[in-house]
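Residue numbers (my numbering): 336 to 568.
Right, dumping it as C-alpha coordinates:
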(Lines of atoms letter the chains of each structure in order from A and count residues from 1; the text may use other names and numbers.)
(Lines give C-alpha, C1' and ligand atoms only; values in the text may rest on other atoms or scores of the structure.)
Protein backbone atom coordinates (compact mmCIF):
# COMPACT_ATOMS: atom_id res chain seq x y z
CA UNK A 1 0.00 0.00 0.00
CA UNK A 2 2.85 2.35 0.78
CA UNK A 3 4.25 1.75 -2.63
CA UNK A 4 0.97 2.56 -4.26
CA UNK A 5 0.70 5.71 -2.18
CA UNK A 6 4.27 6.61 -3.07
CA UNK A 7 3.51 5.90 -6.69
CA UNK A 8 0.41 8.06 -6.58
CA UNK A 9 2.29 10.88 -4.90
CA UNK A 10 5.14 10.67 -7.41
CA UNK A 11 2.65 10.64 -10.31
CA UNK A 12 0.86 13.72 -9.05
CA UNK A 13 4.15 15.47 -8.51
CA UNK A 14 5.31 14.57 -12.02
CA UNK A 15 2.09 15.87 -13.56
CA UNK A 16 2.47 19.08 -11.59
CA UNK A 17 6.04 19.51 -12.72
CA UNK A 18 5.08 18.71 -16.30
CA UNK A 19 2.32 21.31 -16.22
CA UNK A 20 4.71 23.86 -14.74
CA UNK A 21 7.23 23.04 -17.42
CA UNK A 22 4.61 23.33 -20.17
CA UNK A 23 3.42 26.62 -18.75
CA UNK A 24 6.99 27.84 -18.54
CA UNK A 25 7.59 26.83 -22.14
CA UNK A 26 4.45 28.66 -23.23
CA UNK A 27 5.45 31.72 -21.27
CA UNK A 28 8.98 31.54 -22.67
CA UNK A 29 7.67 31.16 -26.22
CA UNK A 30 5.37 34.11 -25.66
CA UNK A 31 8.23 36.17 -24.34
CA UNK A 32 10.38 35.21 -27.31
CA UNK A 33 7.60 36.09 -29.75
CA UNK A 34 7.01 39.38 -27.99
CA UNK A 35 10.72 40.08 -28.06
CA UNK A 36 10.84 39.32 -31.77
CA UNK A 37 7.84 41.57 -32.36
CA UNK A 38 9.48 44.33 -30.37
CA UNK A 39 12.73 43.92 -32.31
CA UNK A 40 10.86 43.97 -35.63
CA UNK A 41 8.97 47.10 -34.60
CA UNK A 42 12.20 48.76 -33.49
CA UNK A 43 13.85 47.88 -36.80
CA UNK A 44 10.83 49.19 -38.71
CA UNK A 45 10.83 52.42 -36.71
CA UNK A 46 14.58 52.78 -37.19
CA UNK A 47 14.18 52.27 -40.94
CA UNK A 48 11.40 54.85 -41.12
CA UNK A 49 13.51 57.32 -39.14
CA UNK A 50 16.49 56.75 -41.44
CA UNK A 51 14.35 57.27 -44.55
CA UNK A 52 12.86 60.43 -43.05
CA UNK A 53 16.31 61.79 -42.32
CA UNK A 54 17.52 60.92 -45.82
CA UNK A 55 14.52 62.67 -47.37
CA UNK A 56 15.10 65.73 -45.20
CA UNK A 57 18.78 65.74 -46.14
CA UNK A 58 17.91 65.49 -49.83
CA UNK A 59 15.47 68.40 -49.58
CA UNK A 60 18.09 70.40 -47.71
CA UNK A 61 20.69 69.66 -50.38
CA UNK A 62 18.25 70.69 -53.11
CA UNK A 63 17.42 73.90 -51.27
CA UNK A 64 21.10 74.60 -50.78
CA UNK A 65 21.82 74.00 -54.48
CA UNK A 66 18.94 76.20 -55.57
CA UNK A 67 19.93 78.99 -53.19
CA UNK A 68 23.58 78.83 -54.19
CA UNK A 69 22.64 78.75 -57.89
CA UNK A 70 20.48 81.84 -57.45
CA UNK A 71 23.34 83.65 -55.75
CA UNK A 72 25.68 82.72 -58.62
CA UNK A 73 23.06 83.97 -61.08
CA UNK A 74 22.78 87.31 -59.29
CA UNK A 75 26.56 87.65 -59.20
CA UNK A 76 26.68 86.93 -62.93
CA UNK A 77 24.16 89.71 -63.61
CA UNK A 78 26.26 92.17 -61.61
CA UNK A 79 29.37 91.15 -63.55
CA UNK A 80 27.56 91.48 -66.89
CA UNK A 81 26.23 94.94 -66.05
CA UNK A 82 29.77 95.97 -65.19
CA UNK A 83 30.96 94.76 -68.60
CA UNK A 84 32.83 91.78 -67.15
CA UNK A 85 31.17 89.34 -69.49
CA UNK A 86 33.60 86.44 -69.25
CA UNK A 87 33.45 86.54 -65.48
CA UNK A 88 29.68 86.58 -65.80
CA UNK A 89 29.83 83.49 -68.02
CA UNK A 90 31.99 81.75 -65.42
CA UNK A 91 29.43 82.46 -62.69
CA UNK A 92 26.61 81.26 -64.92
CA UNK A 93 28.46 78.02 -65.60
CA UNK A 94 28.84 77.46 -61.88
CA UNK A 95 25.10 78.04 -61.45
CA UNK A 96 24.31 75.62 -64.28
CA UNK A 97 26.36 72.90 -62.61
CA UNK A 98 24.20 73.34 -59.51
CA UNK A 99 20.84 73.55 -61.32
CA UNK A 100 21.32 72.19 -64.86
CA UNK A 101 17.60 72.34 -65.72
CA UNK A 102 17.16 76.06 -65.03
CA UNK A 103 16.40 77.58 -68.43
CA UNK A 104 17.07 81.22 -67.54
CA UNK A 105 20.74 80.47 -66.91
CA UNK A 106 21.24 79.39 -70.52
CA UNK A 107 19.31 82.43 -71.76
CA UNK A 108 21.60 84.70 -69.75
CA UNK A 109 24.57 82.83 -71.18
CA UNK A 110 23.27 83.53 -74.68
CA UNK A 111 23.01 87.25 -73.92
CA UNK A 112 26.63 87.32 -72.74
CA UNK A 113 27.79 85.40 -75.81
CA UNK A 114 25.99 87.89 -78.04
CA UNK A 115 27.75 90.80 -76.35
CA UNK A 116 31.05 89.02 -76.97
CA UNK A 117 30.15 88.37 -80.65
CA UNK A 118 30.24 84.63 -79.98
CA UNK A 119 27.23 84.04 -82.19
CA UNK A 120 27.31 80.25 -82.55
CA UNK A 121 27.64 79.85 -78.78
CA UNK A 122 24.76 82.29 -78.28
CA UNK A 123 22.47 80.34 -80.59
CA UNK A 124 23.34 77.07 -78.91
CA UNK A 125 22.77 78.44 -75.38
CA UNK A 126 19.42 79.97 -76.38
CA UNK A 127 18.35 76.70 -78.00
CA UNK A 128 19.09 74.84 -74.78
CA UNK A 129 17.07 77.44 -72.84
CA UNK A 130 13.91 76.86 -74.89
CA UNK A 131 14.47 73.10 -74.86
CA UNK A 132 14.59 73.17 -71.07
CA UNK A 133 11.49 75.36 -70.88
CA UNK A 134 9.39 75.41 -74.08
CA UNK A 135 7.09 78.10 -72.63
CA UNK A 136 9.99 80.52 -72.03
CA UNK A 137 9.07 83.53 -74.16
CA UNK A 138 12.19 85.54 -73.37
CA UNK A 139 14.24 82.50 -74.34
CA UNK A 140 12.73 82.57 -77.83
CA UNK A 141 13.35 86.31 -78.04
CA UNK A 142 17.04 85.85 -77.25
CA UNK A 143 17.20 82.90 -79.65
CA UNK A 144 15.72 85.08 -82.39
CA UNK A 145 18.28 87.80 -81.78
CA UNK A 146 21.10 85.26 -81.87
CA UNK A 147 19.76 83.81 -85.11
CA UNK A 148 19.61 87.32 -86.60
CA UNK A 149 23.28 87.82 -85.82
CA UNK A 150 24.02 84.49 -87.44
CA UNK A 151 22.20 85.52 -90.59
CA UNK A 152 19.34 83.06 -90.11
CA UNK A 153 16.64 85.66 -90.64
CA UNK A 154 13.81 83.25 -91.43
CA UNK A 155 14.50 81.23 -88.30
CA UNK A 156 14.67 84.44 -86.27
CA UNK A 157 11.26 85.52 -87.53
CA UNK A 158 9.81 82.19 -86.42
CA UNK A 159 11.44 82.51 -83.00
CA UNK A 160 10.05 86.01 -82.52
CA UNK A 161 6.58 84.84 -83.54
CA UNK A 162 6.82 81.92 -81.09
CA UNK A 163 7.78 84.31 -78.28
CA UNK A 164 4.77 86.49 -79.05
CA UNK A 165 2.46 83.47 -79.01
CA UNK A 166 3.70 82.56 -75.54
CA UNK A 167 3.75 86.00 -73.91
CA UNK A 168 2.24 88.75 -76.10
CA UNK A 169 1.73 91.25 -73.28
CA UNK A 170 5.12 91.12 -71.57
CA UNK A 171 7.17 90.91 -74.76
CA UNK A 172 5.76 93.96 -76.54
CA UNK A 173 9.33 94.88 -77.52
CA UNK A 174 9.30 91.99 -79.98
CA UNK A 175 6.20 93.29 -81.71
CA UNK A 176 7.46 96.86 -81.75
CA UNK A 177 11.14 96.32 -82.57
CA UNK A 178 12.48 92.79 -83.04
CA UNK A 179 9.91 91.38 -85.44
CA UNK A 180 9.63 94.49 -87.69
CA UNK A 181 13.42 94.62 -87.85
CA UNK A 182 13.62 90.93 -88.78
CA UNK A 183 10.91 91.25 -91.44
CA UNK A 184 12.70 94.25 -92.94
CA UNK A 185 15.96 92.34 -93.13
CA UNK A 186 14.15 89.36 -94.61
CA UNK A 187 12.75 91.58 -97.36
CA UNK A 188 16.20 92.96 -98.10
CA UNK A 189 17.64 89.46 -98.08
CA UNK A 190 15.06 88.30 -100.63
CA UNK A 191 15.97 91.24 -102.85
CA UNK A 192 19.63 90.29 -102.61
CA UNK A 193 18.75 86.73 -103.54
CA UNK A 194 16.98 88.10 -106.59
CA UNK A 195 20.08 90.09 -107.53
CA UNK A 196 22.20 87.00 -107.08
CA UNK A 197 19.94 85.00 -109.39
CA UNK A 198 20.16 87.72 -112.05
CA UNK A 199 23.94 87.84 -111.67
CA UNK A 200 24.19 84.10 -112.05
CA UNK A 201 21.99 84.14 -115.15
CA UNK A 202 24.08 86.92 -116.66
CA UNK A 203 27.29 85.00 -116.05
CA UNK A 204 25.85 82.03 -117.92
CA UNK A 205 25.10 84.28 -120.86
CA UNK A 206 28.67 85.52 -120.89
CA UNK A 207 27.76 89.02 -119.77
CA UNK A 208 30.09 88.70 -116.78
CA UNK A 209 33.08 86.47 -116.37
CA UNK A 210 34.25 87.53 -112.92
CA UNK A 211 33.27 85.87 -109.65
CA UNK A 212 31.14 87.89 -107.27
CA UNK A 213 30.26 87.44 -103.64
CA UNK A 214 27.17 89.00 -102.16
CA UNK A 215 27.67 89.82 -98.53
CA UNK A 216 25.06 92.02 -96.95
CA UNK A 217 25.81 93.80 -93.72
CA UNK A 218 22.72 95.57 -92.44
CA UNK A 219 22.72 97.54 -89.19
CA UNK A 220 26.13 96.13 -88.39
CA UNK A 221 25.03 92.51 -88.78
CA UNK A 222 25.80 90.04 -91.53
CA UNK A 223 22.38 88.93 -92.71
CA UNK A 224 23.43 87.24 -95.96
CA UNK A 225 26.61 85.77 -97.35
CA UNK A 226 26.28 83.88 -100.62
CA UNK A 227 28.93 81.80 -102.37
CA UNK A 228 30.68 83.25 -105.43
CA UNK A 229 29.00 82.96 -108.81
CA UNK A 230 30.95 80.56 -111.03
CA UNK A 231 30.20 80.71 -114.77
CA UNK A 232 29.08 77.49 -116.38
CA UNK A 233 31.55 75.95 -118.78
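Backbone N, C-alpha and C fix where the C-beta goes; we use that ideal spot for every residue, glycine too.
(message) Using a 10 Å radius around the Cβ and a threshold of 16 neighbouring Cβ atoms, would you call residue 450 buried or exposed?
(response) exposed
(message) According to DSSP, is residue 506 part of a helix, a strand, or is it coil?
(response) Here residue 506 sits in coil by DSSP.
(message) Considering just the uninterrupted stretch of the alpha helix (DSSP H) at residue 478, what are its terminal residues?
(response) 472-485
(request) Just confirm the distance between the C-beta atoms of residue 460 and residue 471, as a whole number of angstroms; I'd bet it's less than 8 angstroms. (result) Not really, about 13 angstroms apart at Cβ, beyond 8 angstroms.
(request) Determine the direct distance from the alpha carbon of residue 517 to that of residue 463, and round the result to whole angstroms. (result) 22 angstroms
(request) Apply the 10 Å Cβ neighbour rule to residue 495 and answer buried if 16 or more other Cβ atoms are within range, or exposed otherwise. (result) buried
(request) Whole angstroms is fine: what's the gap from residue 479's alpha carbon to residue 387's? (result) 47 angstroms
(message) What does the alpha-carbon distance come out to for the pair residue 469 and residue 436?
(response) The alpha-carbon atoms of residue 469 and residue 436 are separated by roughly 12 angstroms.
(message) Measuring straight from C-alpha to C-alpha, what distance separates residue 488 and residue 454?
(response) 14 angstroms
(message) I need the DSSP call for residue 399, collapsed to helix, strand or coil.
(response) helix
(message) Going by DSSP, what residue range makes up the alpha helix (DSSP H) through residue 489?
(response) Note, residue 489: alpha helix (DSSP H), 488-501.
(message) Quick check on the burial criterion: 16 or more other C-beta atoms within 10 angstroms. Buried or exposed for residue 505?
(response) exposed
(request) Note down, in chain order, each residue of its chain lying with its Cβ closer than 6 angstroms to the Cβ of residue 377, except the 5 sequence neighbours on either side. (result) Excluding positions up to five away in sequence, the list is empty.
(request) Whole angstroms is fine: what's the gap from residue 405's alpha carbon to residue 428's? (result) 12 angstroms
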